[in-house]
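**Student:** Attaching a single structure in structure tokens format; questions to follow.
Protein chains: 2
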Amino acid sequence: MSETKPLFQPLEPAPAYKRLCQAIEAEIMAGRLKPGDQLPTETALAEAFALNRSTVREGIRLLEQSGLAERVAGRRLAVARPSTKALGRRVSQALVLHDVTFRELWQTIAALEPAAAAYAAEARTEADLLALQRNLRQSEAATSNTQQLSALDVAFHALVAEAAHNRALILAREAVGQLFYPAFAAVVTRLDTAAARLLTAHRAIVEAIERRDADEARRWMVRHIDDFHRGYCMVGLDPEAPIGRVQEEDSQ
Amino acid sequence: MSETKPLFQPLEPAPAYKRLCQAIEAEIMAGRLKPGDQLPTETALAEAFALNRSTVREGIRLLEQSGLAERVAGRRLAVARPSTKALGRRVSQALVLHDVTFRELWQTIAALEPAAAAYAAEARTEADLLALQRNLRQSEAATSNTQQLSALDVAFHALVAEAAHNRALILAREAVGQLFYPAFAAVVTRLDTAAARLLTAHRAIVEAIERRDADEARRWMVRHIDDFHRGYCMVGLDPEAPIGRVQEEDSQ
DNA sequence: CATCTTAGTTTGTCCGACAATCGGACCAAT
DNA sequence: ATTGGTCCGATTGTCGGACAAACTAAGATG
Numbered sequence: 001m002s003e004t005k006p007l008f009q010p011l012e013p014a015p016a017y018k019r020l021c022q023a024i025e026a027e028i029m030a031g032r033l034k035p036g037d038q039l040p041t042e043t044a045l046a047e048a049f050a051l052n053r054s055t056v057r058e059g060i061r062l063l064e065q066s067g068l069a070e071r072v073a074g075r076r077l078a079v080a081r082p083s084t085k086a087l088g089r090r091v092s093q094a095l096v097l098h099d100v101t102f103r104e105l106w107q108t109i110a111a112l113e114p115a116a117a118a119y120a121a122e123a124r125t126e127a128d129l130l131a132l133q134r135n136l137r138q139s140e141a142a143t144s145n146t147q148q149l150s151a152l153d154v155a156f157h158a159l160v161a162e163a164a165h166n167r168a169l170i171l172a173r174e175a176v177g178q179l180f181y182p183a184f185a186a187v188v189t190r191l192d193t194a195a196a197r198l199l200t201a202h203r204a205i206v207e208a209i210e211r212r213d214a215d216e217a218r219r220w221m222v223r224h225i226d227d228f229h230r231g232y233c234m235v236g237l238d239p240e241a242p243i244g245r246v247q248e249e250d251s252q
Numbered sequence: 253m254s255e256t257k258p259l260f261q262p263l264e265p266a267p268a269y270k271r272l273c274q275a276i277e278a279e280i281m282a283g284r285l286k287p288g289d290q291l292p293t294e295t296a297l298a299e300a301f302a303l304n305r306s307t308v309r310e311g312i313r314l315l316e317q318s319g320l321a322e323r324v325a326g327r328r329l330a331v332a333r334p335s336t337k338a339l340g341r342r343v344s345q346a347l348v349l350h351d352v353t354f355r356e357l358w359q360t361i362a363a364l365e366p367a368a369a370a371y372a373a374e375a376r377t378e379a380d381l382l383a384l385q386r387n388l389r390q391s392e393a394a395t396s397n398t399q400q401l402s403a404l405d406v407a408f409h410a411l412v413a414e415a416a417h418n419r420a421l422i423l424a425r426e427a428v429g430q431l432f433y434p435a436f437a438a439v440v441t442r443l444d445t446a447a448a449r450l451l452t453a454h455r456a457i458v459e460a461i462e463r464r465d466a467d468e469a470r471r472w473m474v475r476h477i478d479d480f481h482r483g484y485c486m487v488g489l490d491p492e493a494p495i496g497r498v499q500e501e502d503s504q
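Sequence lines, in order, name chains W and G.
The working numbering numbers the first residue of the first sequence as 1 and each following residue consecutively.
The working numbering numbers the first residue of the second sequence as 253 and each following residue consecutively.
Here you go:
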């Protein structure tokens, strides 16, 4: 953070493809290009920037990868907003590569989830509630299938965050939440009391959200998260060990 | 979340340049390619994947943009971990494009900062403490310069997070924290009591962290964050308005 | 041994080309 | 009129080759 500022700016013209990307990015951030707008064709861009189409293509790849542009129907390029899911995936990936430990993830989730639950109690809509109750019923029916139960738990917490109607919160916890999948599975598999405790907590949280009782929702979420930490240690897993690498299928 | 799965998958083999990126990405995530490893040259990759160099280049751009590879000395491509800073920038950018409101950002930061303060009290090293104290002194000397004070405040909170030694927490709050810069400036400029209150809080937080008093650190941070929210409303800004777009100089 | 020179590598950029595919227009059949 | 088929142009994905600039490493020189 306390970096000595580089005194002399890069000054390097930077590769053309990168400058092209930055130029378009600037247009987007300045609002002159709005999400949904179609970008010119590759040849048109090449002409406009006085570059070769090959170079333009490389620049477009950068835009594409950062989520600021995407092909609408496989064809024409259009300005887009980076999707929450794609971003979450990138962040998760980065956390894994940095060998982030369970402790770090847990501390973060322990800060976010209770807040999400509380705000969900305040801001939830009827649709949110229905989705939560549906997830609850599915979880009750899947207590024996640990794989499915883990997936449903991940989904449950995502639903709570969505009910809070806070995209910053959703994004922050999505990235961390995804990485819990394997840990959840591990605990639920080895600890036979875990499934029941999980359901009790989920039920209480949904009820609190239904009654718009923010404090109660927060309290139960805290308990639920603490419980998970206890379970994690109880089955002999080390909180200081890096969370393993997971191979999830590509969505986006 | 409750998406109806699309029955028929895209089925498309995806463009070659994208598959190349995914292939290398998979190698990295599987640990067969470790950060720091040098990747083959473009021609070598082209040969290995039976593709043209142009196509390989496009794939490399994707890797580069996702932070999984970077040019070490302007030259050879090497595997890298996505930098916290670059990732934070992307997330910030996405939040802006989604027109996230001050309320959403504040709720998120209000969940993260107190946790960061508490963990900082537990995990801080001597170096962390020194950095915090240094920032405090600089802030005390800059009460009149609102621009500088805002920057120092952003840095202060980043330092607290760093002292917590939790990279997930650091990353999560970095993305949100950056966007506060303009809001901070606005409040400090228009509210002449703000600077003094800010300093009081920072001082108390640093002292608590020094004494390793997690509860006290958390309490003061909560107060500090609440205070900011109050100030924001007091100067007549609307918490439900989207946080504006900011033009920060490119680091990365 | 240190330094300079030189040749080979590698990247950034350009040019030109072609197949596949998408969009749309135009036409035929129910 | 709606549906289905065909054709044509536009656009993208991929390829091959080319060259200057920048870097690397080896060899030559003091």
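No residue lacks a Cβ here, since even glycine has one placed at the ideal position from N, Cα and C.
Is Pro267 (chain G) near Arg355 (chain G), with beta carbons less than 8 Å apart?
**Tutor:** Cβ distance not < 8 Å, so Pro267 (chain G) and Arg355 (chain G) don't count as in contact.
**Student:** Using a beta-carbon distance cut-off of less than 8 Å, what residues from the segment 337-354 of chain G approach chain W?
**Tutor:** Residues passing the 8 Å Cβ filter: Leu339, Arg342, Val343, Gln345, Ala346, Leu347, Val348, Leu349, His350 and Val352.
**Student:** Specify, as a first and last residue, the run of the alpha helix (DSSP H) that Glu459 (chain G) falls within.
**Tutor:** From DSSP, the alpha helix (DSSP H) with Glu459 (chain G) extends over Ala446 to Glu462.
**Student:** Classify Ser2 (chain W): buried if its beta carbon has 16 or more other beta carbons within 10 angstroms, exposed otherwise.
**Tutor:** For Ser2 (chain W), the pLDDT reaches just 45, beneath the cut-off of 50, and the residue's location in the model is therefore unreliable, leaving the point undetermined.
**Student:** Under 8 Å between the Cβ atoms of Pro82 (chain W) and Arg218 (chain W)?
**Tutor:** No; because the gap between Cβ atoms is not below 8 Å, this pair is not in contact.
**Student:** Based on Cα-Cα distance, which residue from W:Glu70, W:Ala172 and W:Arg76 lies nearest to Ala44 (chain W)?
**Tutor:** Of the listed residues, the one whose Cα sits closest to Ala44 (chain W) is W:Arg76.
**Student:** So does Thr441 (chain G) have its beta carbon nearer than 7 Å to some heavy atom of the ligand GTP?
**Tutor:** Within the structure as shown, the ligand GTP is missing, as the structure has no ligands at all.
**Student:** Fully enclosed by the segment 303-384 of chain G, which beta strand (DSSP E) runs are 3 residues long or longer?
**Tutor:** Entirely contained in the segment 303-384 of chain G, the beta strand (DSSP E) runs reaching 3 residues are, in chain order, 321-323 and 329-331.
**Student:** With a threshold of 7 Å on Cβ separation, who are the neighbours of Gln133 (chain W) within its own chain once the five nearest residues in sequence on each side are excluded?
**Tutor:** Excluding residues within five positions, the ones whose Cβ falls inside 7 Å are Val206.
**Student:** Quick one: does Thr41 (chain W) have its CB under 8 Å from some CB of chain G?
**Tutor:** Chain G contact via Cβ: absent.
**Student:** Does any residue of chain G bring its CB to less than 8 Å from the CB of Met221 (chain W)?
**Tutor:** Output row for Met221 (chain W): interface = no.
**Student:** Got a sec? Which residues, its chain only, sit under 8 Å from Lys270 (chain G) by beta carbon, not counting five neighbours each side?
**Tutor:** So the qualifying residues of the chain are Gly311 and Leu314.
**Student:** Rounding to the nearest angstrom, what Cα-Cα distance links Asp99 (chain W) and Val91 (chain W) in this structure?
**Tutor:** C-alpha separation (whole angstroms): 13 Å.
**Student:** Could you list the residues in the segment 175-198 of chain W with a C-beta less than 7 Å from some C-beta on chain G, going in chain order?
**Tutor:** Those would be Val176, in chain order.
**Student:** Using 8 Å as the threshold, is the segment 414-421 of chain G in touch with the segment 367-387 of chain G, meaning 3 or more CB pairs across them?
**Tutor:** Segments in contact, yes.
**Student:** When you compare the segment 421-435 of chain G with the segment 443-456 of chain G, are there three or more beta-carbon pairs, one atom per stretch, that lie closer than 8 Å?
**Tutor:** No, because fewer than three Cβ pairs between the segment 421-435 of chain G and the segment 443-456 of chain G fall closer than 8 Å, the two stretches do not touch.
**Student:** What residues of chain W sit near Leu421 (chain G), judged by a beta carbon separation below 9 Å?
**Tutor:** Those within 9 Å of Leu421 (chain G) in chain W are Glu104, Gln107, Thr108 and Ala111.
**Student:** Please name the residue, chosen from G:Leu489, G:Glu392 and G:Ala375, that lies closest to His454 (chain G) on a Cα-to-Cα basis.
**Tutor:** Closest option to His454 (chain G), Cα to Cα, is G:Glu392.
**Student:** Among G:Ile280, G:Arg389 and G:Gln345, which has the Cα closest to the Cα of Gln93 (chain W)?
**Tutor:** The shortest Cα separation from Gln93 (chain W) among G:Ile280, G:Arg389 and G:Gln345 belongs to G:Ile280.
**Student:** Considering just the uninterrupted stretch of the alpha helix (DSSP H) at Ala47 (chain W), what are its terminal residues?
**Tutor:** Going by the sequence as given, residue 47 (chain W) is Glu instead of Ala. That run of the alpha helix (DSSP H) goes Glu42 to Phe49.
**Student:** Please list, in chain order, the chain W residues whose beta carbon lies closer than 7 Å to that of Arg333 (chain G).
**Tutor:** Chain W residues near Arg333 (chain G): Ala94, Leu97 and His98.
**Student:** To be precise: take each residue of the segment 35-60 of chain W, compare its Cβ to all Cβ atoms of chain G, and keep it if any distance is under 9 Å. Which residues remain?
**Tutor:** Within the segment 35-60 of chain W, the qualifying residues are Pro35, Ser54, Arg57, Glu58, Gly59 and Ile60.
**Student:** To the nearest angstrom, how far is the alpha carbon of Val72 (chain W) from that of Gly36 (chain W)?
**Tutor:** When rounded, the distance between both Cα atoms is 9 Å.
**Student:** Once the 5 residues before and after Ala437 (chain G) are set aside, which same chain residues still bring their CB inside 7 Å of it?
**Tutor:** Same-chain partners within the cutoff: Thr398, Gln399 and Ser402.
**Student:** Quick one: what does DSSP say Pro434 (chain G) is sitting in, helix, strand or coil?
**Tutor:** If DSSP states are grouped into helix, strand and coil, Pro434 (chain G) belongs with the helices.
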